[in-house]
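Okay, so here's the structure we're looking at.
2 protein chains.
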Amino acid sequence: MSITDDAWCTTTPKRHLSGDDHGSALKSVGTALDVLECFAVDTELGVSDIARRLGVAKSTAHRLLTTLVTRGFIEQDHHTGLYRLGLHLFELGQLVQARNEMRHVALPVLRHVHQATGHTVNFGVPDGPDVVFVERLHNRDGLRILSHWGRRLPSHTTSSGKVIAAFNAEAYAARVASGFPPRVTGTVRTHADWERVVSQARHQGYAVSHSESFEGTTSVAVPVLYRKLAVASVSVFGPSESIDPDVERLVPLLTAASRRVSKSLGA
Amino acid sequence: MSITDDAWCTTTPKRHLSGDDHGSALKSVGTALDVLECFAVDTELGVSDIARRLGVAKSTAHRLLTTLVTRGFIEQDHHTGLYRLGLHLFELGQLVQARNEMRHVALPVLRHVHQATGHTVNFGVPDGPDVVFVERLHNRDGLRILSHWGRRLPSHTTSSGKVIAAFNAEAYAARVASGFPPRVTGTVRTHADWERVVSQARHQGYAVSHSESFEGTTSVAVPVLYRKLAVASVSVFGPSESIDPDVERLVPLLTAASRRVSKSLGA
DNA sequence: CCATGCGTTCCACTGAACGGAACACGATGG
DNA sequence: CCATCGTGTTCCGTTCAGTGGAACGCATGG
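Protein sequences appear in the order of chains D and Y. Position one of the first sequence corresponds to residue 1 (this note's numbering), numbered consecutively onward. Position one of the second sequence corresponds to residue 1001 (this note's numbering), numbered consecutively onward.
So, in structure tokens, the structure goes:
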């Protein structure tokens, strides 16, 4: 499979935030997707719950749900009558992961870092103002902390997000546009904070986060560059007491790994 | 987290096949989901491709795509203009996997089987006439064979499907209703074949497949029972030459594993 | 240099998606 | 034990939102 010229930074970021649908949006399709979004928050919901949440009639919610059920995007528990996300979403999601070229080329490198350090290793890609972790190799600590968490985190609360923003103006700007909602004990709360930590990451070539997404954890991230542009990040993550003493050793290891991935991207 | 009385067999199977929408289907939502389905077949498609495939106007396809793009379900390559599945689907899919209770209780057992045998281990659940593999622990062989394949396989071409149908009348019937499309050198082509292999699996307590889904591979599966009903399967998989000599040893190992999972389900 | 393909935009028509009301069921509790 | 409240589900008339077709700007290539 041949890699096209610049295949690593070519996806158009979605706008999504706030209801400025500007005309070219299908209403029923939009609310159908909103239904799915409801289940990103709660695992199980009833027709009435969703109707309330979306501000539509119960009949409308029911109609949306049944169409989603017939396509396998949602399944209904036929004891409780409640609805939840369906297996078909899992299938499609797996397709997305399997087709991610960058993840493929990075995987062997990630495995090496994982074995060399024993830490949880993450591979994140920028998506608007967030980072989505498309691969995770976790040890027991990571499993304990992350297993029930989603794959998307705001860039200003992760070392990966900061280091990507440091070498990717679009990602930087997207986070600015979305503001800096505080998370646990997040250090970044203002545009000035953001500028500071990002430029520090730019000079260092890596970023560290202490308890910014999860209390008591530390992560260290380096960017994966493609033509001077950050298209991904490699990071390790874990309880602060196991990561902090290692940072000095981890940074060069991660940097080498990142460079290997960058090379494989063909830049 | 408490497990409700019969939480393991309570999802309503979707109907999906053939256009008998019987009235309660949202047309635009339906075609939007059809758009996503297009990308289950091809990784990248243009507006015109999709319009042709769905038999709608180009403008309609474009409108559907843009709404899906704004929600992150699809992304557009802004060099080629082509569309592909978006990261948000990956996120939702991961949620589905993470919330699958059965997978959670099975995981440690699967890991044990994986280490004890060195083979690729699959954990499949019935979904209508198919089996969806919600967890895979692969060795190098499995990675080579499966890495680019989806997670859903028709039940009559897999040991997992056969052994689930053997102890799950609903899954059995769903496959009958969907017919027996041939795959590689599939042995099951008629209702009679199906009845034969399934009843054999029922008597043996396990099922074996030779080159039924993938040429030159063998898989061995046992059911995970919950109150005498198959709610999942544990299977090992690999090149025939590495699996076949081991079958005698694998069956009791898998059976023991399956029983441990069943116990954990609370039946 | 025109012909053909693409992705995108606009607009008038109409059928499809909406909300409200009524339904059947089960769980509560007076 | 009946009344009340909640659920998920069904039906139907109104109207608005989704449709297809035509036109656009831009590439490609014969």
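Ideal placement from N, C-alpha and C gives every residue a C-beta, glycine not left out.
Buried or exposed: where does Asp1042 (chain Y) fall if 16 or more other Cβ atoms within 10 Å of its Cβ makes it buried?
So Asp1042 (chain Y) ends up on the exposed side.
Quick check on Gln94 (chain D) - is its C-beta less than 8 Å from some C-beta in chain Y?
Judged by the 8 Å Cβ criterion, Gln94 (chain D) is in contact with chain Y.
Assuming Val109 (chain D) is part of the alpha helix (DSSP H), what are its boundary residues?
Start and end: Glu101 to Thr117.
Start and end of the beta strand (DSSP E) containing Arg136 (chain D)?
Run containing Arg136 (chain D): Asp130 to Leu137, per the beta strand (DSSP E) assignment.
I want to verify the contact list: residues of chain D whose CB lies under 8 Å from the CB of Val1132 (chain Y), in sequence order.
Result: Leu87, Phe90 and Glu91.
Could you name the residues of chain D that Leu1253 (chain Y) contacts, counting a contact when the two beta carbons are closer than 7 Å?
Those within 7 Å of Leu1253 (chain Y) in chain D number zero; the least Cβ separation is about 24 Å.
Measure the alpha-carbon distance for Phe39 (chain D) versus Trp149 (chain D) and round it to whole angstroms.
About 14 Å.
Going along the segment 1043-1076 of chain Y in order, which residues come within less than 8 Å of chain D, judged by CB to CB distance?
Going along the segment 1043-1076 of chain Y in chain order, one finds Thr1043, Arg1063, Leu1064, Thr1066, Thr1067, Leu1068, Val1069, Thr1070, Arg1071, Gly1072, Phe1073, Glu1075 and Gln1076 with a Cβ nearer than 8 Å to chain D.
So if DSSP puts Asn122 (chain D) in a beta bridge, which residue, or which two residues, is it bridged to?
DSSP output for Asn122 (chain D) lists D:Arg136 and D:Ser235 as bridge partner(s).
Once the 5 residues before and after Asp1246 (chain Y) are set aside, which same chain residues still bring their CB inside 6 Å of it?
Excluding positions up to five away in sequence, the list is empty.
Roughly how many whole angstroms lie between the Cα atoms of Leu1064 (chain Y) and Leu1092 (chain Y)?
Cα-Cα distance, rounded: 20 Å.
Glu1135 (chain Y) and Leu1110 (chain Y): beta carbons closer than 8 Å?
Cβ distance < 8 Å, so Glu1135 (chain Y) and Leu1110 (chain Y) count as in contact.
What does His1148 (chain Y) touch in chain D if you count any residue whose Cβ is under 7 Å from its own?
Result: Ala98.
Identify each residue in the segment 1108-1128 of chain Y for which the Cβ-Cβ distance to at least one residue of chain D is less than 7 Å, and report them in chain order.
Per Cβ criterion, the list reads Asp1127.
Assuming Pro1126 (chain Y) and Ala1171 (chain Y) are in contact, meaning their beta carbons sit under 8 Å apart, how far apart are those beta carbons, in whole angstroms?
Confirmed, about 4 Å.
Cutting at 7 Å between CB atoms, please list the residues of its own chain near Ser264 (chain D), excluding the five before and the five after it.
Counting only Cβ-Cβ distances below 7 Å, and skipping sequence neighbours, we find Val105.
Answer with buried or exposed for Pro252 (chain D), where buried requires no fewer than 16 other C-beta atoms within 10 angstroms of its C-beta.
So Pro252 (chain D) counts as exposed.
Considering only C-alpha positions, which residue in the set Y:Phe1133, Y:Glu1195, Y:Thr1117 and Y:Arg1084 is nearest to Glu101 (chain D)?
It is Y:Arg1084.
Enumerate in chain order the residues of its own chain whose CB-to-CB distance from Gly1023 (chain Y) is below 7 Å, with the five nearest sequence positions on each side excluded.
Only weak support is given to the placement of Gly1023 (chain Y): the predicted model assigns it a pLDDT of 45, under 50, and the question is left unresolved by the model.
Please list the terminal residues of the continuous beta strand (DSSP E) segment that includes Glu1075 (chain Y).
Start and end: Ile1074 to Gln1076.
Counting only beta-carbon atoms, is Leu265 (chain D) nearer than 8 Å to chain Y?
It does not: the Cβ of Leu265 (chain D) has no partner Cβ on chain Y nearer than 8 Å.
Give the residues of chain Y in contact with Ser178 (chain D), contact being defined as C-beta atoms less than 9 Å apart.
Result: empty, since nearest Cβ-Cβ is about 14 Å, beyond 9 Å.
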